[in-house]
Amino acid sequence: MITFNVAPFIGTEIEYIKDAVERQHICGDGKYTKLCDQWMEDRFQANKVLLTTSGSSALDMAALLCGLQPGDEVILPSFTFSSTANSFVMAGAKLVFVDIRPDTMNMDETKIEAAITDRTRVIVPVHYAGVACEMDTIMDIAQRHHLLVVEDAAQGVMSTYKGRALGTIGDFGCYSFHETKNYSMGEGGAIVINRPEMVEKAEILREKGTNRSKFFRGQVDKYTWVDYGDSFLPSELNAAYLWAQLEKADEINHDRLTSWNHYYEGLLPLANKGLIRLPTVPAECGHNAHMFYIKTNDLNERTALITFLKDRGITSVFHYIPLHSAPAGERFGRFSGADEYTTAESNKLTRLPMYYGLTRAETESVVEAVTAFYGKSHDKGKSC
Ligand SMILES: Cc1ncc(COP(=O)(O)O)c(C=O)c1O
Numbered sequence: 149m150i151t152f153n154v155a156p157f158i159g160t161e162i163e164y165i166k167d168a169v170e171r172q173h174i175c176g177d178g179k180y181t182k183l184c185d186q187w188m189e190d191r192f193q194a195n196k197v198l199l200t201t202s203g204s205s206a207l208d209m210a211a212l213l214c215g216l217q218p219g220d221e222v223i224l225p226s227f228t229f230s231s232t233a234n235s236f237v238m239a240g241a242k243l244v245f246v247d248i249r250p251d252t253m254n255m256d257e258t259k260i261e262a263a264i265t266d267r268t269r270v271i272v273p274v275h276y277a278g279v280a281c282e283m284d285t286i287m288d289i290a291q292r293h294h295l296l297v298v299e300d301a302a303q304g305v306m307s308t309y310k311g312r313a314l315g316t317i318g319d320f321g322c323y324s325f326h327e328t329k330n331y332s333m334g335e336g337g338a339i340v341i342n343r344p345e346m347v348e349k350a351e352i353l354r355e356k357g358t359n360r361s362k363f364f365r366g367q368v369d370k371y372t373w374v375d376y377g378d379s380f381l382p383s384e385l386n387a388a389y390l391w392a393q394l395e396k397a398d399e400i401n402h403d404r405l406t407s408w409n410h411y412y413e414g415l416l417p418l419a420n421k422g423l424i425r426l427p428t429v430p431a432e433c434g435h436n437a438h439m440f441y442i443k444t445n446d447l448n449e450r451t452a453l454i455t456f457l458k459d460r461g462i463t464s465v466f467h468y469i470p471l472h473s474a475p476a477g478e479r480f481g482r483f484s485g486a487d488e489y490t491t492a493e494s495n496k497l498t499r500l501p502m503y504y505g506l507t508r509a510e511t512e513s514v515v516e517a518v519t520a521f522y523g524k525s526h527d528k529g530k531s532c
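This is the structure in structure tokens:
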């Protein structure tokens with residue numbers, strides 16, 4: 149059996165959780181939350197990072213910090229997880245979906261300007277598979293049209309664009325530490341606040357609308373309710389789990405990249421024969437091997453491949469049903485321009501097992517099984 153995902157586990161997690169319990173500080177913003185926030189600020193050269201209860205809640209915070217008004221519009225790809233859209237719907241905005249590029253599956257930066265109206269306020273690039281969107285172009289468009297940029301870097305922790313950490317380029321960046329991500333705290337995430345003037349508002353929003361963060365820093369002598377807020381602060385137990393992995397972030401990253409490269413090299417012969425397509429990583433992107441996907445020729449071939457792998461004990465999965473064709477997407481948004489690639493390319497994509505600790509023997513078995521599938525369908529003289 150080769151499962152699709154195994155939650156990352158380094159070994160020191162239990163020790164750190166025990167320490168948090170013994171310190172009698174298991175709510176948020178204790179030793180481990182601070183260690184994680186500080187590590188990300190240092191490592192990613194980020195202005196301010198705050199751990200949150202999920203990647204979704206980091207996006208909620210970002211959407212609220214954008215100060216949207218009902219009827220404002222937000223531009224995002226349709227090929228993404230529902231959370232990218234939910235936060236902006238919650239903030240009262242209308243969604244405007246743009247097509248993706250077939251090479252990276254990221255929002256097509258050349259389609260953004262045509263989607264801008266006088267109600268547009270925010271662009272949300274989603275760095276799919278931890279490979280960066282074309283951020284120079286997106287930031288230039290945002291600047292010229294006075295728009296905010298919220299990077300959905302849920303999959304992009306430890307990835308870079310032209311040497312800059314994903315999440316630190318737009319006005320806000322959002323990370324996920326869900327158990328399916330490269331670094332995990334079970335459920336969790338973080339918001340990167342790249343605008344210094346928004347930090348205090350973000351702290352208040354995260355702490356139930358109070359200025360408790362200032363109080364703990366000794367900047368006010370009592371704390372009180374000062375604005376709208378919610379509870380976006382994770383427990384120290386989750387932060388302790390994450391800290392174990394951030395300490396070993398390079399080791400985890402290296403391990404995943406090694407598996408990614410094995411897949412790439414092993415499947416290159418099939419790609420060279422034109423039987424499958426492999427992921428593209430543009431030269432300016434440093435990726436984190438969040439996922440390894442291949443693209444089949446069409447939906448039927450993908451369904452047959454997933455079944456073939458499943459029969460050999462290998463779990464492979466597909467996603468996303470494009471948001472604009474989902475019931476909520478139809479209700480809350482519209483597609484700008486033509487859907488040239490979003491639906492067609494998402495129908496072809498299959499994700500192979502990828503996690504910290506995946507062995508060479510396992511990636512080889514997966515490569516052999518995919519190769520056998522195409523050998524079989526080729527022998528029959530059809531694409532399957
Ligand atoms: C692109 C994207 N955005 C947002 C999220 C939401 O993150 P979380 O599951 O931590 O809420 C995910 C997680 O799967 C994601 O992949």
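Following the working numbering, the numbering of the sequence shown begins with 149 at its first residue and continues without gaps. Just so you know, even glycine gets a beta-carbon here, dropped at the ideal spot from N, CA and C.
Measure the alpha-carbon distance for residue i versus residue j and round it to whole angstroms.
i, j, result
"Ala-210", "Gly-318", "11 Å"
"Val-154", "Glu-512", "18 Å"
"Met-112", "Lys-370", "An answer regarding residue 112 cannot be provided, because it is not within the stretch 149 to 532 covered by the chain."
"Ser-226", "Val-246", "7 Å"
"Val-297", "Ile-271", "5 Å"
"Gly-321", "Asn-195", "11 Å"
"Ile-462", "Pro-156", "19 Å"
"Tyr-389", "Ala-397", "13 Å"
"Lys-528", "Val-518", "Here the model assigns Lys-528 a pLDDT of 48, short of 50, so the residue's position is not dependable and the matter cannot be decided."
"Leu-394", "Tyr-331", "7 Å"
"Asp-375", "Leu-213", "12 Å"
"Phe-325", "Phe-521", "34 Å"
"Arg-365", "Asn-359", "10 Å"
"Thr-491", "Thr-316", "30 Å"
"Trp-391", "Gln-303", "18 Å"
"Ala-239", "Val-169", "36 Å"
"Ile-165", "Gln-172", "11 Å"
"Asn-386", "Gly-422", "45 Å"
"Ser-464", "Glu-299", "27 Å"
"Cys-532", "Tyr-441", "Interpretation of Cys-532 is limited by its pLDDT of 38, a score under 50 that renders its predicted location unreliable; no figure is taken from the coordinates."
"Gly-176", "Met-346", "21 Å"
"Lys-443", "Glu-510", "20 Å"
"Phe-363", "Glu-399", "37 Å"
"Arg-292", "Met-149", "52 Å"
"Thr-285", "Asp-208", "25 Å"
"Asn-420", "Gly-414", "11 Å"
"Ala-437", "Pro-250", "18 Å"
"Ser-235", "Asp-190", "28 Å"
"Tyr-568", "Glu-478", "As shown, the chain starts at 149 and ends at 532. That puts residue 568 outside it, with no answer to give."
Looking only at DSSP bridge pairs, what is residue i linked to?
i, result
"Ser-494", "Bridge partners of Ser-494: none, in fact."
"Ala-373", "Strictly speaking, residue 373 in this sequence is Trp, with Ala absent from that position. In DSSP, Trp-373 forms a bridge with Thr-358."
"Ser-324", "Gly-337"
"Thr-308", "Ala-313 and Gly-434"
"Leu-500", "Phe-440"
"Leu-243", "Val-222 and Gly-481"
"Leu-199", "Ala-338"
"Arg-425", "Lys-443"
"Thr-268", "Glu-221"
"Asp-256", "Beta-bridge pairing links Asp-256 to no other residue."
"Ser-464", "In the DSSP output, where bridge partners are listed per residue, Ser-464 has none listed."
"Leu-296", "Val-270"
"Ser-379", "Glu-355"
"Ile-150", "Ile-462"
"Ile-248", "Met-255"
Against chain C, with Cβ distances strictly below 9 Å, would residue i count as a contact?
i, result
"Lys-496", "The displayed structure is made up of one protein chain only, and chain C is not part of it."
Determine the closest residue to residue i out of the options, with distance taken between C-alpha atoms.
i, options, result
"Leu-183", "Lys-166, Lys-310, His-467 and Glu-384", "Glu-384"
"Lys-524", "Leu-457, Gly-315 and Glu-512", "Leu-457"
"Asp-487", "Leu-471, Arg-499, Arg-479 and Thr-498", "Leu-471"
"Pro-417", "Gly-434, Val-515 and Thr-358", "Val-515"
"Ile-111", "Leu-198, Phe-152 and Leu-500", "The shown model of the chain, from 149 to 532, leaves out residue 111, and the question about it has no answer."
"Leu-314", "Arg-482, Ala-301 and Asp-378", "Ala-301"
"Ala-476", "Ala-431, Glu-261, Arg-450 and Val-244", "Val-244"
"Gln-193", "Pro-250, Glu-355 and Gly-311", "Gly-311"
"Leu-447", "Phe-466, Ala-431 and Asp-459", "Phe-466"
"Ser-204", "Asn-359, Ala-338 and Cys-433", "Ala-338"
"Val-305", "Arg-482, His-294 and Trp-187", "Trp-187"
"Ala-431", "Ser-307, Arg-171, Glu-345 and His-294", "Ser-307"
"Phe-152", "Glu-345, Lys-329 and Pro-344", "Lys-329"
"Glu-327", "Glu-510, Ser-202 and Arg-460", "Ser-202"
"Asp-266", "Ile-286, Asn-254, Ser-231 and Ile-223", "Ile-223"
"Thr-252", "Thr-228, Val-237 and Phe-236", "Thr-228"
"Arg-482", "Leu-216, Ala-241 and Met-149", "Ala-241"
"Thr-232", "Tyr-489, Tyr-468 and Thr-507", "Tyr-468"
"Ile-353", "Pro-344, Ser-379, Gln-367 and Val-368", "Correcting the residue type first, residue 353 is Leu in the shown sequence and not Ile. Of the candidates Pro-344, Ser-379, Gln-367 and Val-368, the one whose C-alpha sits nearest the C-alpha of Leu-353 is Ser-379."
"Leu-497", "Val-368, Asp-459, Arg-460 and Ile-454", "Ile-454"
Which whole-angstrom value describes the C-beta separation of residue i and residue j, a residue pair presumed to lie in contact below a C-beta threshold of 8 Å?
i, j, result
"Glu-257", "Glu-221", "17 Å between Cβ atoms; not a contact."
"Gly-336", "Thr-200", "7 Å"
"Phe-493", "Ile-174", "Position check: residue 493 holds Glu in this sequence, whereas Phe was assumed. Going by Cβ atoms, the distance from Glu-493 to Ile-174 rounds to 44 Å, so no, they are not a contact pair."
Would the beta-carbon of residue i be found less than 8 Å away from any heavy atom of ligand 3?
i, result
"Tyr-503", "Ligand 3 is not part of the structure shown, which contains ligand 1 as its ligands."
>> Is it the case that the region 501-508 contacts the region 398-409, given that we only count it when at least three CB pairs across the two stretches are under 8 Å?
In response: Output reads yes: the region 501-508 touches the region 398-409.
>> With three or more beta-carbon pairs closer than 8 Å as the criterion, would you say the region 277-296 touches the region 420-432?
In response: As far as the Cβ criterion goes, the region 277-296 touches the region 420-432, which means the pair count is three or higher.
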